[in-house]
């Protein structure tokens, strides 16, 4: 069974990372992302990969500006924790990539497929 964060858990992550109370600009996009990760695409037979689910969470938080502030930081943190709780660890040769990647997602220069590929390429199974 895949662990999926609740809105309450994401709010805790937000408050711990940013040191302030959550301020939403588009909470519906967060709810939509969580529903999509939980239930999948309507009328699609194949199940989403763990990396596609991480990509959806991150993209929706970052590109759709779910929060008033801190979307890039919270997006990468939520995706990291999601993968970690599901047995995967993001490992990078260049630690700066953890900062560059959310910037690219925010700029809209990466497709969902490319975001998914990034997570797949940079994740290893926890033993």
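Numbering (this note's numbering), first residue to last: -18 to 108.
Note that CB positions come from ideal geometry on N, CA and C, so glycine has one too.
Practice item. Consult DSSP for residue -16 and reduce its assignment to one of helix, strand or coil. Key: coil
Exercise for review: Please report how far the alpha carbon of residue 145 lies from the alpha carbon of residue -1, in whole angstroms.
Suggested key: It is not possible to answer for residue 145, since the shown part of the chain is limited to -18 through 108.
Review point. What does residue 69 pair with, by DSSP beta-bridge criteria?
Key: 106
**Study point:** At least 3 beta-carbon pairs within less than 8 Å: the region 71 to 81 vs the region 19 to 33
**Key:** no
Exercise for review: In the DSSP assignment, find the alpha helix (DSSP H) that holds residue 11 and state where it starts and stops.
Suggested key: 8 to 20
Review point. Helix or strand or just coil, what does DSSP make of residue 100?
Key: helix
Review point. For residue 68, which of 55, -7, 92, 106 has the nearest alpha-carbon?
Key: 106
Exercise for review: Tell me where the alpha helix (DSSP H) around residue 82 begins and ends.
Suggested key: 78 to 88
Check your understanding: Which residue from 29, 89, -14 puts its Cα closest to that of residue 40?
Key -> 89
Exercise for review: Specify the secondary structure class of residue 63 as computed by DSSP and reduced to three states.
Suggested key: helix
Exercise for review: Enumerate in chain order the residues of its own chain whose CB-to-CB distance from residue 11 is below 6 Å, with the five nearest sequence positions on each side excluded.
Suggested key: 47
Exercise for review: Answer yes or no: do residue 43 and residue 3 have a C-beta to C-beta separation smaller than 8 Å?
Suggested key: no
Point to revise | Residue nearest to residue 31 in terms of C-alpha spacing, selected from -6, 60, 1, -7 | key: 60
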